[in-house]
Structure formats: structure tokens, C-alpha cells
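Protein sequence lines, in the order shown, are assigned to chains H and Z. Using the numbering used here, read the first sequence as starting at 21 and increasing by one per residue. Using the numbering used here, read the second sequence as starting at -9 and increasing by one per residue. Down below is the structure, laid out as C-alpha cells.
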Amino acid sequence: MTPGRLWAVARRLLGMALTLLATSFLVFSSLYLAPGDPASFLVRGRSASPQELAAIRHQYGFDDPFPVRYWHWLDGVLHGDFGRSYLFHQSVGEVLWSRLPATLLLVGVSTLLIAVVGIGVGIVGALRRGTRTGSAVLLLVTVGAAVPSFVAAIVLRSVLGVRLGWFPTIGNGTGVLDRLHHVVLPAIALSVTFMALVTRVTRSAMLDELRREHVEVALSRGLPRRTVIRRHVLRNALGPIVTVCGLLVSGMLVSTAIVETAFGMSGIGSLLVQSVDELDFQVVQAIVLLVVAAFVVVNTLVDLVYPLIDPRVRAAGGAR
Amino acid sequence: MPPLEMPLLEYDGLRVELPGTARPILDGVTLSVAAGEAVALVGESGSGKSVTARAALGLLPSGARTGGQVRVDGTDLVGADAARLRAVRTGVASMIFQDPRAGINPVRRVGDFLTESLRLVGGRTRAEAEARALELLTAVGLPDPARHLRQYPHQLSGGMLQRVMIAGALTADPQLLLCDEPTTALDVTTQAEIMAVLGQLQRDRGLGLLLITHDLDLAAATCDRIYVMYAGRIVETGTAADLLAIPRHPYTAGLLGSSPPLEGTPGRLTPIPGAPLSLAEAASGCAFFARCRFAQPGRCDLTPPVLTSPVLTPPVPTLPVPAPAAPTLVACHRADELIEENR
């Protein structure tokens, strides 16, 4: 790695850190501005005198000035302490930690689906363009992109879950195989739209590359068509494919809220919905920060990988 | 003088037609290149000369209807299966494309471009293929070849990259080199260098060469024989010297008149009026009719002229097979009168 390249990487990482800092400020302040008083949530139902409320506010530090509260929170976050959940009477870290594996499994399986099915079908769509198969791919893409995940969830549950009974329709499952069995339908519901998008991008990127003269040159040199497709068409189409996969996967955490709720799974997404309902601010803050962090980190990774995919970007000094 | 045996490359009435067009891209193209012979195919953009060259590797536009034959080393490529096409592409003929920036994959290293067919088709090891690539880069006059093998195409100049393209075409050790406007994308000084490299390779290795160009003077300087193409047909052919001295087809004369002479004081250039026939336009008679200053309505626009020897009057439709003596053939209804008019 050249010094210039090293500097470019360092700059990207610094940019990522600054983005995360700015995000933390926005996340914290947006909840500060949100309606609803956490103190009245804490006393829940019971009538409390203004003095009692004030005491609670003081105890939890709600009456400190905004910068002080932000600083305390940020200091905690940097040390891995996201505060306490009012709802679960546990530290936010523990609450998140217990929910995280289910969501990571869901996102992981969905990512695999997007990459394998999305890219695979996209390649078929490009190579079979103008045939019956090619038209079928286009139709699938159009329909798939138009199906929201909650509709997909309902259809999958009622058909594959209830009617055919192939898959469980609710819960997380226990043990490795059972968990995987439980996650199939939610993962499909989560990734239908994303698969369609990746298929579309793959197809058009491949078609763009198929038209390039270097592809004809490679064919003119007697390389078999399969080899040319792999080494010159797919390889060159990777740029847009990786970029869009990165964007979709990094934004996927948000969509787990809908799918996890629909399938009664206990994960980060359903936790977000629950804690927003119950005004469990500390948890909401931590999850939103997590979602944004995932987005920023994955996209930074894509940016760092991109020069390996297209060496011309390297020449431009990493400025893209 | 080309030998009497079977030509290395032979087009026999090649016809290529795309659906939805008014006229064929190629219409009865008959052309031959003998082993070790340098032949040029000259014409304006859209005349079909690039399609002709690509046909020699079986690279025809998809969906095209074809007729006639293209024989490379005796193998007919029209309707040939993939295996036979690959055999020709990897062992007999290779092509140098116009723009090396577009023709060499920008995301792979120069070394990959040069070695991939050797490794993936030729079954050589990486080390063998790289040694061969170094040898070829030296042969095309690229200094410091070892360093360039590890570089990406955007790190090389256009002229250097065209040398890489030529080296790439030589990896197959071909007998026939097809050059599709190999210098058009380069600046003038580089053009001369590349043409010198090509000429030397052709002579040293005894290659058959088909040079596609729009530049009649360049063609005459490099090649033994010249074919002039207009709207998908050969309109005139003959030895380079002959064609330049006495252009018999008004189009050939027009091409000569529209480029500055290499020697002597440049006179006024006379462009050919109008534009070449597009694929959406069909001509009932001579395709050059609308742009020809000698055109005679009622004669030139009725039937397409046939390639014939111009000294015979009246024109006898002979088979347009260029015999070894390379007689001049011209496809013009008025060719004989125009020669008498002493143009």
C-alpha cells in the first residue's frame, strides 16, 4: 500500500468517525425534542405530585442543561454504557445484546439471499435478454420491487406457513437448525424488494459491460464465452453491484422492525417498535445510533473496497 | 506477387443483412488475402469495412442474416460452430482494434490482457505466458516491458497501449492479422510508429495482413493491393500503385481528391459532396449515384454495377475473383468512357 493510499484510507476512517459523532448529537437531541416526558412515563399511571416528578427528574438527571446531558450520555456511549432501560430495568447494553443475535441472523441470511439470488437472477436476465427467460426476469423484478415487506410477510405466513405448514410462523426458535428454520420466511420477506433492486442493477450493469469493445476483443481472441462473461463482463460490472448491495444491506436494520414484528420475532427491530411505543428513550437512542453506525460502517467498507474493484479510482487518489 | 495456392483469407460473395434495414450491410463482398500479402480495404465510415474485417473472425452482429462464404485457411466461418470459430481465433487469425483504450479491459492489468488467452486457452503456466508476453512486448518496441505487465491500461499512453494491443494479437502466433483502423485513435507521430511496427511484423513473420482504413495514401504506402468499399460493396480493386495512379471509380478518385497529396504542393481539396448511404437508404442502381459527378440518370440508377475489368467494352459480367496477377476491377457503369475522358 502506497503512502497516498494509506492517507486516503485514514481520511475515510476519520470521516466515518466524524459522521458518527454528528449522528450521535442528532439522535440525542431529536429525542430531547420529542413529545412526552420520561418522568411521567416512569411514574406510569400512578398520580404523582409535581414535587415527586421534580425529584424523579433530578434523580435521572432530566433537569440538567442539554449540553451536560449530551456529554454524560456520549461519555457513557464511548465507554459502552448506553444507560438503563426504564422498561426492562436492565442496562441498555444487556437488552440489546440479548436481542442482537436473532437480528444478525436475519440480516445475514437476507444478505446471502440478496447476493446469491439477486446477482444470480440479474446475470441470467442480462445473458438471456430478449428471450422468454429474460422477460420473466424483468417481470419478477418489477413485481418484486413493488412488494412491501409487510405484504410479503403476510403472504408468506399464510401460504408457506399456515396453509402448507412448511415453516414456523412465529418466534425465534431454539438451537441452530430450528433458528434457521424460523428465519427463512422473515428473511425472504425482508429481502424481496432488495433482491429485485440488486437484480435490476446487476442486469443493467452486465448489459452495459456486454456492449463494451473489450468484450468483443476478448471473444476475438478465442476465449470461451463463459470465461469472457466471468472475467470481463461480471468482473467489470461488480462496481455498481457492490455499491448497491452495500447501500441496501446497511439500511436493512431499519426494515427488520417491520418483519420482526410481523413474525413475532424478538430482535432489535421489534425492540425498536416496542421501546418507541413505551417511550423507553435510552433504548431508542441506542438502537437508532446502532442503525446509523451500521449504515456508515458498511458504506465506508464499500468505499474502501472500491479501488480494488476499479483501479482507475485509485489513480484519482481515492477522491470519488 | 501472391502465390497461386489457396488464399489465406477469402471472402466469396459475403452478404450480411440486419433486420429492419433498407439495404444489406455487406452485399456480395469478394476479397482475398494470400499468405504473406498485405491488402487494404478502404472506405468511409459506415461503408461496412469493419464488419468485413470482423467477419473474418466470425464476429458478426447478432441477429444478422448471412450469405456467401468467408474462408480462413480453408475453414468457412459463416455458420461455423463455436469450437471451429475458437480454433481460427486462437491459431490462425487475430485482430487489432481501433481504440486500445476501449479494447483492453480497464480494470485488469496489462499482463492479464497479454497472458489470459495463453493461460486459459493455450494451457501455458503463468510463468511461460509471462515470458511470452515479455518477448512480444519487446518485439513491438515497448521499453521496460516487465514494468508495464504489472500496470493498468490507464497508466499507459495511447501509443503504448496500441503496442500492447498488437502484442496481444500476436500471442496466438497468427498467420493473418486483421487491423481495423489501428492508428485512427492515435496522434500523428504515434500513427507513423505503429504503422512501422505493423509493417515490420508483417514482413518479418510473413503475415497476411488486412488493413482497414479510410486513408487511401496510408493503404498504398503499406499494402500491395487495395480494395475500395462503398455502401457494403467493393467498388474498385487493384494494385496499390495502379489504383493511386489511375483511379477508375469516381469514388476512388473522390477519396484521392479529398486528401492532401503526400508529395508536391497541396492544391485545393475537393470533398465528395453529400453523405454516405445509410443503412436506412437503398439504391436501385449504383449506390454512389447521388454523390457522383459523372452520374447519368436513366443508366447509373437502374441496375447496380458489377465488378469488371475496365478495359473490356462492353462490360462482360465476369466472376470477380481477383486472380494472382491482381487485375484492376471496377464497379462503375461508365468506367470505360471515363477512362477515355482521360481523367
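A virtual CB, placed ideally from N, CA and C, is assigned to each residue, including glycine.
* Asked: When the Cα of A162(Z) is compared with those of R289(Z), I216(Z), C169(Z) and G81(Z), which residue comes out closest?
  -> G81(Z)
* To do: Just the C-alpha distance for V141(H) and L210(H), rounded to the nearest angstrom, thanks.
  => Between V141(H) and L210(H), the C-alpha separation is close to 18 angstroms.
* Spatial neighbours of C290(Z) within its chain, please: CB distance less than 6 angstroms, with the 5 preceding and 5 following residues excluded, ordered by chain position. => G275, C276, F279 and H323
* Who are L168(Z)'s beta bridge partners in DSSP? -> Residue pairing by DSSP puts L168(Z) in a beta bridge opposite M85(Z) and L200(Z).
* To do: Rounded to whole angstroms, what's the CA-CA distance from A325(Z) to P300(Z)? Just pull it up for me.
  => 6 angstroms
* Asked: CA-CA distance, R55(Z) and L124(H)?
  -> Taking the CA atoms as reference points, R55(Z) sits about 55 angstroms from L124(H).
* To do: Count the other C-beta atoms from every protein chain shown that fall within 10 angstroms of the C-beta of P133(Z), then say buried if there are 16 or more, exposed otherwise.
  => With fewer than 16 other CB atoms across the displayed protein chains lying within 10 angstroms of its CB, P133(Z) is exposed.
* Asked: From the beta carbon of S84(Z), is the nearest beta carbon of chain H less than 8 angstroms away?
  -> Answer yes: the Cβ-Cβ gap between S84(Z) and chain H drops below 8 angstroms somewhere.
* State the Cα-Cα distance for the pair S40(Z) and L47(Z), rounded to the nearest angstrom. => 11 angstroms
* **Test item: CB-CB of A210(Z) and T203(Z) under 8 angstroms** => no
* Is the beta carbon of G266(H) less than 8 angstroms from the beta carbon of D330(H)? -> no
* Between the C-alpha atoms of S111(H) and F102(H), what's the straight-line distance to the nearest angstrom? -> 7 angstroms
* Interface partners of R367(Z) on chain H, CB under 9 angstroms -> Here chain Z has residues from -9 to 333 only, and residue 367(Z) is not among them.
* With distances taken from CA atoms, which of V237(H), Y106(H), V136(H) and S49(H) is nearest A43(Z)? -> V237(H)
* Asked: Quick one: what's got a C-beta closer than 7 angstroms to N95(Z)'s C-beta in the same chain, skipping five residues either side?
  -> F103
* To do: Within 10 angstroms of the Cβ of Q88(Z), are there 16 or more other Cβ atoms? Answer buried if so, exposed if not.
  => buried
* Asked: Out of curiosity, what's the CA-to-CA distance linking S224(H) and R148(H)?
  -> Taking the straight line joining both Cα atoms gives about 12 angstroms.
* Classify W186(H) as buried or exposed, calling it buried when 16 or more other Cβ atoms lie within 10 Å of its own Cβ. => Per the 10 Å Cβ criterion, exposed.
* What's the C-alpha gap between G112(Z) and N256(H)? -> 24 angstroms
* **For M219(Z) and V29(Z), believed in contact at Cβ under 8 angstroms, the rounded distance** => Not quite, the Cβ-Cβ distance comes to about 12 angstroms (not below 8 angstroms), so this is no contact.
* To do: Compare the C-beta of H204(Z) with all C-beta atoms of chain H and state if any pair is closer than 8 angstroms.
  => no
* Exposure of M155(Z), with buried meaning 16 or more beta-carbon neighbours within 10 Å -> buried
* Through-space distance from R5(Z) to P304(Z), alpha-carbon basis -> With a pLDDT of only 41 at P304(Z), under the threshold of 50, the placement of this residue in the model should not be trusted; the figure read from the coordinates follows. Going by the C-alpha atoms only, they are around 27 angstroms apart.
* Asked: So, does the CB of V237(H) fall closer than 8 angstroms to a CB anywhere in chain Z?
  -> yes
* **Short Cβ contact (8 angstroms threshold) for G145(H) with V136(H)** => no
* What residues from the segment 308 to 335 of chain H come within 8 angstroms of chain Z, judged by C-beta to C-beta, listed N to C? -> Sequence-ordered contacts of the segment 308 to 335 of chain H with chain Z read I329, D330, P331, R332 and A335 [C-beta pairs closer than 8 angstroms].
* Are there three or more Cβ pairs, one per stretch, closer than 8 angstroms when the segment 321 to 328 of chain H is compared with the segment -4 to 14 of chain Z? -> no
* Where T174(Z) and T162(H) are concerned, what is the direct C-alpha to C-alpha distance, given to the nearest angstrom? -> 43 angstroms
* Take every Cβ of the segment 162 to 172 of chain H, pair it with every Cβ of the segment 86 to 103 of chain H, and state whether three or more of those distances are shorter than 8 angstroms. => no
* Is F48(H) near the ligand SAM, judged by its Cβ being under 7 angstroms from some heavy atom? -> What this structure holds is no ligand at all, so the ligand SAM is not there to describe.
* Give me the Cα-Cα distance between E34(Z) and A243(Z), rounded to the nearest whole angstrom. => 13 angstroms
* **Inter-residue CB distance, L247(Z) and T255(Z) (contact presumed, cutoff 8 angstroms)** => Inspection of the sequence shows that residue 247(Z) is occupied by Gly rather than by Leu. Actually they are not in contact, since the Cβ atoms of G247(Z) and T255(Z) sit about 15 angstroms apart, beyond 8 angstroms.
* Run through DSSP, which three-state label would R148(H) get? -> coil
* At least three beta-carbon pairs within less than 8 angstroms, the segment 199 to 217 of chain H to the segment 266 to 284 of chain H -> yes
* Counting only runs that start and end within the segment 251 to 309 of chain H, where is the alpha helix (DSSP H) found for 4 or more residues in a row? -> 255 to 270, 272 to 282 and 288 to 297
* Asked: Going straight from the alpha carbon of L267(Z) to that of A231(Z), what length do you get?
  -> 28 angstroms
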